[in-house]
Structure formats: structure tokens, C-alpha cells
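Student: Have a look at the structure that comes next, please.
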């Protein structure tokens with residue numbers, strides 16, 4: 045199986061329908077509680093069609109969805125790398141990062157392939173490598189867009205993202221309120237801008 049959508053139009057439609065169904069059901073019900081039958085019903089495809097596209101069954105669907113999620117995340121982040129200044133680009137991508145994960149609560153789990161194991165399917169191992177490469181690529185592109193000559197740029201970016209990850213995880217678990225999460229995210233946003241200014245000033 046390839047992690048990419050099939051070239052054949054009919055199979056590609058089935059592939060997309062199954063991943064759309066998985067995105068909905070895994071988010072709503074969780075990976076463990078979602079059966080292959082449920083995926084087939086939600087996607088309105090035959091059970092045999094799922095196994096024709098995803099021979100490893102549910103774990104292959106999960107891996108393919110994870111790769112699609114990573115690609116969509118990367119595309120959105122690159123589209124946000126605009127602005128006249130390094131600070132503009134940092135803040136625009138910060139906002140895009142927050143918006144993506146707020147809109148896609150499954151993303152944290154699925155990008156980490158949390159619910160599957162490399163022993164489940166060889167496709168899971170391939171997906172892990174592809175996702176890592178995609179996320180590393182986003183980081184490198186953003187560092188270049190902000191200014192790779194500025195000291196500590198990569199650390200500023202990674203710290204901002206890690207902070208958002210932690211805050212949104214607490215919000216998803218209802219440990220903190222949406223208002224508290226918004227406040228902490230704004231603090232992280234301001235902190236990233238401050239650190240970038242200090243880095244630029246130190247270089248002069």
C-alpha cells in the first residue's frame with residue numbers, strides 16, 4: 045500500500061471518503077472504539093473496498109490519515125509565512141498553528157501516531173518517517189522565512205509550538221478553561237515576539 049492517494053480516480057474517491065470518515069469517527073469516538081465496519085458505513089463504501097485500499101485495515105487508515113493531516117498542516121503553515129518583517133511571519137505562523145490545532149483536535153494524537161504501533165503494519169513505520177520529515181520541513185522553512193541568521197530562531201519557534209501544544213492539551217482535557225487557554229496562548233505569542241526582538245538586537 046502507498047500512503048499517497050491512488051492514481052485511479054475511482055479508487056482515489058474511495059480513499060478520500062474513507063479518510064474523511066476516519067477523521068470524523070476517530071475524533072468523535074476514538075480509534076479503539078471505531079470499527080472497520082463503522083468506517084465503511086460512514087464512508088458509504090463496501091468493506092472490501094476499504095481492504096483493497098488499506099490492506100492493513102484500520103491501522104493503515106490511521107497512518108494514511110496521519111500523513112494527510114501532516115500535509116495539510118504543512119500547507120497551512122507555509123501559506124501563513126507572509127508578512128513584511130520577521131516578527132510578522134513568526135506571529136502569522138503562530139496564529140495558523142493555533143488555529144489548525146483548535147480546528148483539528150485529533151491532530152495531536154494522530155501526528156504522533158499515538159493509537160498505533162509500528163508492529164501493527166509496516167505502513168505505520170513509513171508514516172512515522174514521512175510525518176517526521178514533513179514537520180521538520182515546516183520548521184526549517186519557517187526558520188528560513190524568519191531569518192536563519194538570527195541566533196536562536198529555531199529554539200524560539202519550537203518553544204512557541206511546544207507551549208501551544210501543552211496549553212491546548214490542558215484545554216482538551218478540561219484542566220483549564222478556554223479563557224485561560226487563550227490567555228496563556230497570548231502570553232506565548234508575546235513571548236515569542238519578544239525573544240525574536242532580543243535575538244535581532246543581540247546580533248547588531
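Numbering (our numbering), first residue to last: 45 to 248.
C-beta atoms are modelled at their ideal positions from N, C-alpha and C, and glycine is treated no differently.
1) Return the first residue and the last residue of the alpha helix (DSSP H) that residue 172 is part of.
2) Could you check if residue 210 is buried or exposed, using at least 16 other CB atoms within 10 Å of its CB as the buried criterion?
3) Should residue 91 and residue 63 be called a contact, given that it needs their Cβ atoms to be closer than 9 Å?
4) Alpha carbon to alpha carbon, how far is residue 190 from residue 143?
5) Report yes or no: do three or more beta-carbon pairs, one from the region 105 to 122 and one from the region 169 to 179, lie closer than 8 Å?
6) Which first and last residues belong to the alpha helix (DSSP H) in which residue 163 is found?
7) Take residue 216 and list the residues in its own chain whose beta-carbon comes closer than 7 Å to its own, dropping the five residues that flank it on each side.
8) Do residue 160 and residue 95 have their beta-carbon atoms positioned less than 9 Å apart in this structure?
9) Given a cut-off of 9 Å, decide if residue 200 and residue 236 are closer than it, judged by their beta-carbon atoms.
10) Look at the alpha carbon of residue 140 and the alpha carbon of residue 170, and state the distance between them as a whole number of angstroms.
11) Could you have a look at residue 231 and say whether DSSP puts it in helix, strand or coil?
12) For residue 97 and residue 202, I'd like the C-alpha separation in whole angstroms.
13) Can you tell me whether residue 218 is helix, strand or coil according to DSSP?
Tutor: Let's see:
1) Mapped onto the chain shown, residue 172 falls at position 128. Per DSSP, residue 172 belongs to the alpha helix (DSSP H) from 166 to 190.
2) On the chain shown, position 166 is the one that residue 210 refers to. Under this definition residue 210 is an exposed residue.
3) Working through the chain shown from its first residue, we reach residue 91 at position 47. Working through the chain shown from its first residue, we reach residue 63 at position 19. No, the pair does not count as a contact, with Cβ atoms beyond the cut-off.
4) Taking the first residue of the chain shown as 1, we reach residue 190 at position 146. Taking the first residue of the chain shown as 1, we reach residue 143 at position 99. For the pair residue 190 and residue 143, the Cα-to-Cα distance works out to about 20 Å.
5) yes
6) Against the chain shown, residue 163 aligns to sequence position 119. First-last for residue 163: undefined, no H or E at that position.
7) Translated into positions along the chain shown, residue 216 becomes position 172. Hits under 7 Å: 149.
8) As a first step, residue 95 must be located in the chain shown, where it is residue number 51. As a first step, residue 160 must be located in the chain shown, where it is residue number 116. Taking 9 Å as the Cβ cut-off, residue 95 and residue 160 do not qualify as a contacting pair.
9) Counted from its first residue, the chain shown places residue 236 at position 192. Counted from its first residue, the chain shown places residue 200 at position 156. Result yes, Cβ atoms of residue 236 and residue 200 sit closer than 9 Å.
10) Indexing the chain shown from 1 puts residue 140 at position 96. Indexing the chain shown from 1 puts residue 170 at position 126. Using only the alpha carbons, I get a separation of about 27 Å.
11) As a working mapping, residue 231 is identified with position 187 in the chain shown. DSSP places residue 231 in helix when its eight states are reduced to three.
12) Within the chain shown, numbered from 1, the residue matching residue 97 stands at position 53. Within the chain shown, numbered from 1, the residue matching residue 202 stands at position 158. Between residue 97 and residue 202, the C-alpha separation is close to 36 Å.
13) Along the chain shown, one-based indexing puts residue 218 at 174. Coil.
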